[in-house]
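Data block below; observations after.
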Amino acid sequence: MHCKNAFWIDRHTANLAVSAPPVWLNEPMDVLAKEGDLVTIPCQATGVPQPTITWTTVKGKIENSSELTALMKYDSTGTLTISRADASLKGSYNCIADNGFGTAIRKTIHLSIQGKRFDSPRQKIFEVC
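So the sequence shown is numbered by my numbering: it starts at 1 and just counts up by one.
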């Protein structure tokens, strides 16, 4: 703000902090993977301040420092990566974006794992007369 007359000049500066609740940039979706596949599940949100992304299962929060780290972890962008899909990892996963302003947003996805497909070698059939 700037005020001025013949006798004085007055200036004031103010910073305005605007907050906005989280909204999806890249909402996670259900995944069907084959055993052994590399699986990536993006989960990205924006807001002010920038939301923190957390992944959970029915067993609780997925910790990047847990014993699952070798198989499963998520990065700073919110993408959950499973290095080798396994039937034991199938189930529901929750992506939660929260920035402390408004209501956190949550999306539950289902990860389905198909067993490996083994093709049997073609058999030759002979007819004996």
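For every residue, glycine included, the Cβ atom is placed at its ideal position computed from N, Cα and C.
Range covered by the beta strand (DSSP E) that runs through residue i
i      : result
Val146 : Outside the displayed range of the chain (1 to 129) lies residue 146, so it cannot be described from this structure.
Pro21  : 20-26
Own chain, CB closer than 6 angstroms to residue i, minus 5 neighbours either side, in chain order
i      : result
Thr79  : Thr40, Pro42
Lys107 : Glu27, Pro28, Cys95
Lys34  : Gln114
Residue(s) in a DSSP beta bridge with residue i
i      : result
Gln50  : DSSP lists no partner for Gln50.
Leu80  : Ile41, Tyr74
Lys107 : Cys95
Ile113 : Ala33
Gly100 : According to DSSP, Gly100 bridges with nothing at all.
Residue from the options whose Cα sits closest to the Cα of residue i
i      : options                   : result
Thr52  : Ser112, Ala14, Ile105     : Ile105
Lys116 : Lys61, Leu16, Asn5, Asp37 : Asp37
Nonlocal neighbours in the same chain, by C-beta distance under 8 angstroms from residue i, ignoring five residues either side
i     : result
Thr57 : Gly91, Ser92, Tyr93, Asn94
Is the segment 75-89 touching the segment 5-24, taking contact as three or more C-beta pairs under 8 angstroms?
no
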